[in-house]
Amino acid sequence: MIDRITIEKIMDAANIVDVVGDFVTLKRAGANYKGLCPFHDDRTPSFMVSPAKNYCKCFACGKGGNPVTFLMEKEQLSYPDALRWLAKKYGITIEEKQLTAEEKASRTERESLFIINEWVHKWFMDQMNNTADGRAIGLAYFRSRGFRDDIIEKFQLGYCPSQRDACSKAALKAGFQEKFLVSDPDQEGIAHGVGISIKRDNGTLYDRFSGRVIFPIFTVAGKVVGFGGRVLDAATKGVSVKYQNSPESIIYHKKSELYGLFQAKQAIVKQDCVFMVEGYTDVMAMHQNGVENVVSSSGTALTHEQIRLIRRLTNNIVVLYDGDAAGIKASQRGIDMLLREGMNVKLLLLPDGQDPDEFGRTHTPEEYQEYMKSNQIDFIRFKTNLLMEEAKGDPIAMSKLVNNIVQSIAIVPDDITRTFYIRETAQMMQLKEALITDAVNKQVKLNVEQWRKEKEREESRAQYAAKNNSTAAPQGAATTQPDNAGTPQEGYAGAQQDEYTDHIEEAIPSVNDIPIQQMQSTNAQDEARERLIIQTILKHGEAIICNIEEEDGSLRPLTVLEFVYYSLAEENIILSTPLYQRVLQIGFEHIHDNGFCAERFFLNHPEPEINRMAGDLCVEREQLSKFHTRGNENGEEMDYEELMNLVGHVLTDYKLNLVKNQKQMLMQQMRDPEVLKDRTRCRALMEELQAIKVKESELAKACGDRVIV
263 MIDRITIEKI
273 MDAANIVDVV
283 GDFVTLKRAG
293 ANYKGLCPFH
303 DDRTPSFMVS
313 PAKNYCKCFA
323 CGKGGNPVTF
333 LMEKEQLSYP
343 DALRWLAKKY
353 GITIEEKQLT
363 AEEKASRTER
373 ESLFIINEWV
383 HKWFMDQMNN
393 TADGRAIGLA
403 YFRSRGFRDD
413 IIEKFQLGYC
423 PSQRDACSKA
433 ALKAGFQEKF
443 LVSDPDQEGI
453 AHGVGISIKR
463 DNGTLYDRFS
473 GRVIFPIFTV
483 AGKVVGFGGR
493 VLDAATKGVS
503 VKYQNSPESI
513 IYHKKSELYG
523 LFQAKQAIVK
533 QDCVFMVEGY
543 TDVMAMHQNG
553 VENVVSSSGT
563 ALTHEQIRLI
573 RRLTNNIVVL
583 YDGDAAGIKA
593 SQRGIDMLLR
603 EGMNVKLLLL
613 PDGQDPDEFG
623 RTHTPEEYQE
633 YMKSNQIDFI
643 RFKTNLLMEE
653 AKGDPIAMSK
663 LVNNIVQSIA
673 IVPDDITRTF
683 YIRETAQMMQ
693 LKEALITDAV
703 NKQVKLNVEQ
713 WRKEKEREES
723 RAQYAAKNNS
733 TAAPQGAATT
743 QPDNAGTPQE
753 GYAGAQQDEY
763 TDHIEEAIPS
773 VNDIPIQQMQ
783 STNAQDEARE
793 RLIIQTILKH
803 GEAIICNIEE
813 EDGSLRPLTV
823 LEFVYYSLAE
833 ENIILSTPLY
843 QRVLQIGFEH
853 IHDNGFCAER
863 FFLNHPEPEI
873 NRMAGDLCVE
883 REQLSKFHTR
893 GNENGEEMDY
903 EELMNLVGHV
913 LTDYKLNLVK
923 NQKQMLMQQM
933 RDPEVLKDRT
943 RCRALMEELQ
953 AIKVKESELA
963 KACGDRVIV
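Numbering (my numbering), first residue to last: 263 to 971.
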């Protein structure tokens, strides 16, 4: 458990720009920052970060939060683990009590797997650096490949002993459960273990990575999700698979991870470019030669998920190829995927079929970096040079070449970029630009039509699945009201309420004679008005709106939040949106906390639902009108009179709408033929309607409206 004082230290230290900047490239936009949303496939920056509010929000998908809730959503962490992440980032020591058996058991399965991976990761490192076999075999292997000790430490490499069950035994002895060590899938095909161990038919365990050097795979935030293991050179004879990765699990999806991204993210943002290579050692070799903005797809074909990880940091990518022409041609699908995602793609071929590791052994870091800068080529020229060699003047082959390039250009989403590619292709192929333009436009239309049909098929499949899987709701189900609906809330009644009644009545007309059941919100418009009430509290809740006289004659300041609370309580009004009512109640309970600021308090509230709501109301894409900002039109803090006008208008408008709703309900009842037959009932409704109209007139006058009675 983390104590409250430590939580406050963490929240004070956590800077939303720093935290989000670990995952997203941010660019200044006035007083705020913006970037591509990390929660959905964002093509134009819709993710706003407010340093002043220490809050972030996507105006497309709606996700965001304070530093803690952002991490909870992005990294799928629990609230305590998100706090620990921030504490580690900012060097804050957390002193926790020992977890009980029940608390340990309550940790989620996902958290358990991260804990196991972190333990195994440290065990692998310890085996390589602090055992005789580890130093003589594992560490010696990396050094023999030319890697310096600082690079070995930077990528936190390790070694798994050749003893078949050394890691499995150590993990079991450390108290980890067998079910989390193996990766046996359940009936749905989902593995709930990290796969460090493999279970034999006789029930014993053996190590997946025994006798291999270990490459830990980190998320962009630095959590270990899996491992790659390579057999040593002396053991590769007769081995078909040199590298072996952790199996898919609930925390590790190979298609969603990029090796080296954790170590490269800052360099990628700084250079606004990323190099894409094939293997683990390629990444390490480039770091050793001073090129740190590099990642690897770990030997798999590039995926959409990996591309989107990169796009949040940069739009510029250089793909390094070290294979033969056939391998390069086969990888063209990856180039098209990059283009489709709006990336600016360049390619680079290393000489003599060398890979980045081999190239680094024969060149100085200066030569290495210079070659990387001066030998990049855009994908059009690359493709043309590659395919023209095959065409060799054959008209039919040349036609196929042009169509191939046209298909790639057509998937580029930006019109201007597409135009430049068309011009370059026409010049290289010595064709009329209009001819290429016409071909590209036709292909674009074809792509759009194919996309539309595919989308329709997906929607049809989804509707079919929903139709067959959904269950009908029980007929006659009623919408339940909160337990306290129809009764005054605790804290409203009594002497404390009576202190403020006289003063509040002067500011806002009373509608005391209208029962609470009739004052409940009845339509969607009321939600918007309640939202404005809460927004006013968030903006001005702690501000002093007036002074009230105590029984002893002394004056006591009254805050906006208290004013709103007592004004609604006086008339037994409960906000119809439960979350808004809860915010009002929580704010009232904490209004006199030392240093209370409503906006900061709710933006940093531990309940995600509350701080998300606060973010929705506080963080706006556009500047709020002067009516709803903290200051007046001159940017100064509002005085008592200005605040009273603002709060009075918001509350009176809300109450006026409630009264109008009640008037409509009464008029509908009076149109009922059965009611018209009952003179007593009809007379009672007429009297009630008349009283409602009087109240409507009073409230309308306060709002500045005109009402025909």
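From the three backbone atoms N, C-alpha and C, an ideal C-beta is built for every residue, glycine too.
*Spell out a yes or no on whether the stretch 843 to 851 and the stretch 298 to 311 are touching, meaning 3 or more CB-CB pairs, one atom from each, closer than 8 Å.*
no
*State the Cα-Cα distance for the pair residue 940 and residue 908, rounded to the nearest angstrom.*
In the sequence shown, the residue the question calls residue 940 occupies position 678. In the sequence shown, the residue the question calls residue 908 occupies position 646. Distance between the alpha carbons of residue 940 and residue 908: 45 Å.
*Quick one: Cα of residue 664 to Cα of residue 701, how far?*
Locating residue 664 in the sequence shown gives position 402, counting from the first residue. Locating residue 701 in the sequence shown gives position 439, counting from the first residue. Roughly 9 Å separates the two Cα atoms.
*Output yes or no for whether 9 Å exceeds the beta carbon distance between residue 390 and residue 475.*
In the sequence shown, the residue the question calls residue 390 occupies position 128. In the sequence shown, the residue the question calls residue 475 occupies position 213. Yes, the pair counts as a contact, with Cβ atoms nearer than the cut-off.
*Alpha carbon to alpha carbon, how far is residue 832 from residue 826?*
Locating residue 832 in the sequence shown gives position 570, where the first residue counts as 1. Locating residue 826 in the sequence shown gives position 564, where the first residue counts as 1. Answer to the nearest angstrom: the Cα atoms are 10 Å apart.
*At what residue ranges does the stretch 554 to 621 contain a whole run of the beta strand (DSSP E), taking only runs of 3 or more?*
556 to 558, 578 to 583, 606 to 611
*Determine the direct distance from the alpha carbon of residue 444 to that of residue 548, and round the result to whole angstroms.*
The sequence position of residue 548 within the sequence shown is 286, counting from 1. The sequence position of residue 444 within the sequence shown is 182, counting from 1. Taking the straight line joining both Cα atoms gives about 34 Å.
*Would you say the stretch 456 to 463 touches the stretch 348 to 358, given that touching needs at least three Cβ pairs under 8 Å?*
no
*asked:* Helix, strand or coil for residue 312? Go by DSSP, reduced to three states.
replied: Position 50 of the sequence shown, counting from 1, holds the residue named residue 312. Residue 312 falls in the strand class under three-state DSSP.
*Between which two residues does the alpha helix (DSSP H) containing residue 317 stretch?*
Indexing the sequence shown from 1 puts residue 317 at position 55. Run containing residue 317: none in the alpha helix (DSSP H); it sits in the beta strand (DSSP E), 317 to 320.
*Cβ contact check for the stretch 557 to 575 and the stretch 640 to 653: 3 or more pairs under 8 Å*: no
*asked:* Measuring straight from C-alpha to C-alpha, what distance separates residue 552 and residue 715?
replied: Reading the sequence shown from its first residue, position 290 is the one you call residue 552. Reading the sequence shown from its first residue, position 453 is the one you call residue 715. Approximately 47 Å, taken between the alpha carbons.
*asked:* Which residue marks the beginning of the beta strand (DSSP E) containing residue 422, and which one marks its end?
replied: One-based indexing of the sequence shown puts residue 422 at position 160. Its beta strand (DSSP E) spans residues 420 to 422.
*In the DSSP assignment, what residue or residues form a beta bridge with residue 538?*
Within the sequence shown, the letter at position 276 stands for residue 538. Looking at the DSSP output, residue 538 shares a beta bridge with 557, 581.
*Contact under 9 Å by Cβ, residue 540 with residue 582*: In the sequence shown, residue 540 corresponds to position 278, counting from 1. In the sequence shown, residue 582 corresponds to position 320, counting from 1. A contact, by the Cβ cut-off of 9 Å.
*Can you tell me the Cα-Cα spacing of residue 647 and residue 672, whole angstroms?*
For the purposes of this step, residue 647 is taken as residue 385 along the sequence shown, with counting starting at 1. For the purposes of this step, residue 672 is taken as residue 410 along the sequence shown, with counting starting at 1. Going from the Cα of residue 647 to the Cα of residue 672 covers about 19 Å.
*Would you list the one or two residues that DSSP bridges to residue 468?*
Walking along the sequence shown from the start, residue 468 turns up at place 206. Answer by DSSP bridge pairing, in chain order: 460.
_At least three beta-carbon pairs within less than 8 Å, the stretch 417 to 429 to the stretch 467 to 483_ = yes
*asked:* Let me make sure I understand the geometry here. Which of 793, 270, 820, 511 has the alpha-carbon closest to that of residue 441?
replied: As a position in the sequence shown, residue 441 is number 179, starting the count at 1. The option with the nearest alpha carbon to residue 441 is 511.
*Which residues mark the beginning and the end of the alpha helix (DSSP H) in which residue 936 is found?*
By 1-based counting over the sequence shown, the position of residue 936 is 674. Note, residue 936: alpha helix (DSSP H), 935 to 939.
*Evaluate the contact criterion for the stretch 479 to 486 versus the stretch 332 to 349: three or more CB pairs, one atom per stretch, below 8 Å.*
yes
*Would residue 270 be called buried (16 or more neighbouring beta carbons within 10 Å of its own) or exposed?*
Sequence index remark: in the sequence shown, residue 270 carries index 8 (1-based). It is exposed - the Cβ of residue 270 has fewer than 16 other Cβ atoms within 10 Å.
*asked:* Within 10 Å of its beta-carbon, does residue 492 have 16 or more other beta-carbons around it, so buried, or fewer, so exposed?
replied: Start at 1 with the first residue of the sequence shown, and residue 492 comes out as number 230. Its Cβ being crowded by 16 or more others within 10 Å, residue 492 is buried.
*Closest residue to residue 604 among 670, 384, 323 (Cα-Cα distance)*: Within the sequence shown, numbered from 1, the residue matching residue 604 stands at position 342. Residue 604 has its Cα closest to that of 670, out of 670, 384, 323.
*asked:* Quick check for students: name the residue ranges of the beta strand (DSSP E) that lie wholly in the stretch 368 to 433, counting only runs of 3 or more.
replied: With a minimum length of 3 residues, the continuous beta strand (DSSP E) runs that stay inside the stretch 368 to 433 are 420 to 422.
*At 4 residues or longer, and completely inside the stretch 616 to 692: list those alpha helix (DSSP H) runs for me, N to C.*
618 to 623, 627 to 636, 641 to 653, 657 to 672, 677 to 691
*asked:* Using CA atoms only, rank isn't needed, just tell me which of 823, 878, 789, 297 is closest to residue 839.
replied: Numbered from its first residue, the sequence shown carries residue 839 at position 577. Selected option, being the one with the closest Cα: 789.
*How big is the Cα-Cα spacing for residue 960 and residue 954?*
As a first step, residue 960 is located in the sequence shown; it is residue number 698 there, counting from the start. As a first step, residue 954 is located in the sequence shown; it is residue number 692 there, counting from the start. Roughly 10 Å between the two C-alpha positions.
*asked:* If I follow the unbroken beta strand (DSSP E) through residue 490, where does it start and stop?
replied: Indexing the sequence shown from 1 puts residue 490 at position 228. Residues 486 to 493.
*Considering only residues of the same chain and omitting the five flanking positions on each side of residue 560, which have a CB-CB separation below 8 Å?*
As a working note, residue 560 is residue 298 in the sequence shown. Within the same chain, residue 560 has close Cβ partners 479, 490, 507, 516, 519, 520, 521, 541, 542.
*Kindly identify the DSSP beta-bridge partner or partners of residue 987.*
The first residue shown for the chain is 263 and the last is 971, placing residue 987 beyond what the model contains.
*residue 295 by DSSP, collapsed to three states: which one?*
Numbered from its first residue, the sequence shown carries residue 295 at position 33. Of the three classes helix, strand and coil, the one that applies to residue 295 here is strand, per DSSP.
*Straight-line Cα distance separating residue 405 from residue 411*: On the sequence shown, position 149 is the one that residue 411 refers to. On the sequence shown, position 143 is the one that residue 405 refers to. Going by the C-alpha atoms only, they are around 8 Å apart.
*Which of helix, strand or coil does DSSP assign to residue 827?*
Here the question's residue 827 lines up with position 565 in the sequence shown. Residue state, collapsed to three classes: helix.
*Are the beta-carbon atoms of residue 611 and residue 580 separated by less than 9 Å?*
Taking the sequence shown and counting its residues from 1, the one referred to as residue 611 is at position 349. Taking the sequence shown and counting its residues from 1, the one referred to as residue 580 is at position 318. For residue 611 and residue 580, no; Cβs fall outside 9 Å.
*Use the C-beta contact count for residue 855: other C-beta atoms within 10 angstroms, 16 or more gives buried, fewer gives exposed.*
For the purposes of this step, residue 855 is taken as residue 593 along the sequence shown, with counting starting at 1. That one is exposed.
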